[in-house]
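The structure appears below as structure tokens.
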Amino acid sequence: GAGVSQSPSNKVTEKGKDVELRCDPISGHTALYWYRQSLGQGLEFLIYFQGNSAPDKSGLPSDRFSAERTGGSVSTLTIQRTQQEDSAVYLCASRITDTQYFGPGTRLTVL
Amino acid sequence: GQNIDQPTEMTATEGAIVQINCTYQTSGFNGLFWYQQHAGEAPTFLSYNVLDGLEEKGRFSSFLSRSKGYSYLLLKELQMKDSASYLCAVRANQGGKLIFGQGTELSVKP
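As you go down the protein sequences, you meet chains A and B in turn.
Take 281 as the starting number for the first sequence in the working numbering and just add one per residue.
Take 27 as the starting number for the second sequence in the working numbering and just add one per residue.
Next up, the structure:
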């Protein structure tokens, strides 16, 4: 069956521009997570959606970062006024029981 | 605070056994996960422990001691394709986010 998909796979942008990253979770999975992985660092939690509950935004590093999940399925992570330190791989995961299944990620490079 | 420690790098020989340790200090505990990540790819799920003891899955086993805040991943009959980063992660509450260690880069040599 289809796994978690993310687009684009790579994104190069200039400092100060806004970017949108998309995640399509596994069908039927009610929970969706965003993480980022910077070079040489572990995965860092950003935000978590569960059904109709208010999202857990505790990991968002600044107010330039936001995310939404439409119709309980697709999610978009938006980074406004990108900075060079935002360069990382952004990973999405979805879950229905205990295990989170990850997508291939979007590699964001901010020049 | 939240802290998960695992060795940065390990090297082992094809056909051998390797044990990757993980210690954790978190504000809550609702399960420990191990993921494998090949360079440039998504992390893939290996194992999940929520009770003390050993979980075995083919060539891979994972052990948990909640009282010691300790887990290990055991890989037997190592193959070259096992060269990857192994990520230890703790879930602090049911359904919630995973807190990851920095990962252990395993190199399997012939």
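Using N, Cα and C, we set each Cβ at its ideal position, and we do this for glycine too.
Item: May I ask you to verify whether the segment 109-129 of chain B touches the segment 43-50 of chain B, counting CB pairs closer than 8 angstroms and requiring at least 3?; Value: yes
Item: May I ask you to report which of helix, strand or coil DSSP gives B/Lys102?; Value: coil
Item: Restricting to runs no shorter than 3 residues, where is the beta strand (DSSP E) found entirely within the segment 60-109 of chain B?; Value: 70-75, 79-83, 86-91 and 96-101
Item: Using a beta-carbon distance below 8 angstroms, is B/Ala65 in contact with chain A?; Value: no
Item: Below 8 angstroms on C-beta distance, what does A/Pro384 contact in chain B?; Value: Glu67 and Ala68
Item: With DSSP collapsed to three states, give me the class of B/Gln28.; Value: coil
Item: Skipping 5 residues on each side, what residues in its chain have a beta carbon closer than 6 angstroms to that of A/Ser287?; Value: Arg302
Item: Let me see if you follow: with CB-CB separation under 8 angstroms, is A/Gly322 close to chain B or not?; Value: yes
Item: State the beta-bridge partners of B/Phe55 as determined by DSSP.; Value: None; B/Phe55 has no bridge partner.
Item: Using only the alpha-carbon positions, how far apart do A/Leu312 and B/Thr39 sit?; Value: 38 angstroms
Item: May I ask you to report which of helix, strand or coil DSSP gives A/Gln364?; Value: helix
Item: Taking 8 angstroms as the CB-CB cut-off, is A/Gly352 touching chain C?; Value: No chain C appears in the structure shown, which is made up of the protein chains A and B.
Item: Residue range of the beta strand (DSSP E) that B/Leu124 falls in?; Value: Leu124 to Phe126
Item: List the endpoints of the continuous beta strand (DSSP E) containing A/Leu312.; Value: Ala311 to Gln317
Item: If the cut is a Cβ gap below 7 angstroms, which residues of chain B does A/Gly296 touch?; Value: Within 7 angstroms Cβ-Cβ: nothing; A/Gly296 doesn't reach chain B, min ~28 angstroms.
Item: How many whole angstroms separate the CB atoms of B/Ala110 and B/Leu132, which I take to be in contact at a CB cut-off of 8 angstroms?; Value: 6 angstroms
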